[in-house]
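Let me begin by presenting the structure, written as structure tokens, before commenting on it.
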Amino acid sequence: MSGETATLGDFGAGGPRSDSQIDKQAAAKEAAAGEWKFLAVGNDTIGWHIPDSGATVLLKHGDAGWVLERATKPVGTRETLDGGLSLANSYMQDRPEGASAWR
């Protein structure tokens, strides 16, 4: 909160945190699992990769919410950033070395 006025939403009242309350870079680093490493964050995209490989996943924000993509193919969609980060984390945990289900 860093000196700003707190609201009930800051303490979890009314559901998950809003996208604007999440430090995307810190949350993306925490979401990484297995050999996956945080790659980059922008306004509408968060990326992870496995160094020295072609394995990359992107969490992109669009009209449909937050979409997790691997090799430009959608893996799943979540309405909120918090949900999208959880999806990315579970995806990376299920594929710790980057193995792809469609290869």
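Here the sequence shown is numbered in the numbering used here, starting from 122 and rising by one per residue. Yeah, the Cβ is synthetic: ideal placement off N, Cα and C, and Gly gets one too.
By a beta-carbon distance limit of 8 Å, Glu156 does not contact Ile143. Their separation comes to about 24 Å.
Judged by DSSP in its simplified three-state form, Gly186 adopts strand. For Gly168, the enclosing beta strand (DSSP E) starts and ends at 166 to 170. Annotated three-state conformation of Ala147 is helix, per DSSP.
8 Å or more divides the Cβ of Ala154 from the Cβ of Pro195.
The closest CA to that of Asn164, considering only Ala176, Val178, Asp140, Glu151, is found on Asp140. The beta carbon of Tyr212 sits closer than 8 Å to the beta carbons of Val178, Leu189, Arg191, Val196, Gly197 from its chain, once the five residues preceding and following it are set aside; these are given in chain order.
For Ala176, the number of other beta carbons within 10 angstroms of its own is at least 16, and it is reported as buried. Shown here for His182: same chain residues with a beta carbon closer than 6 Å to its own, the five before and five after excluded, namely Asp165 in chain order.
Per the DSSP secondary-structure output, Arg216 pairs with nothing in a beta bridge. Residues of the same chain with a CB within less than 7 Å of the CB of Leu208, apart from the 5 flanking positions on each side, are Leu189, Gly197, Arg199 in chain order.
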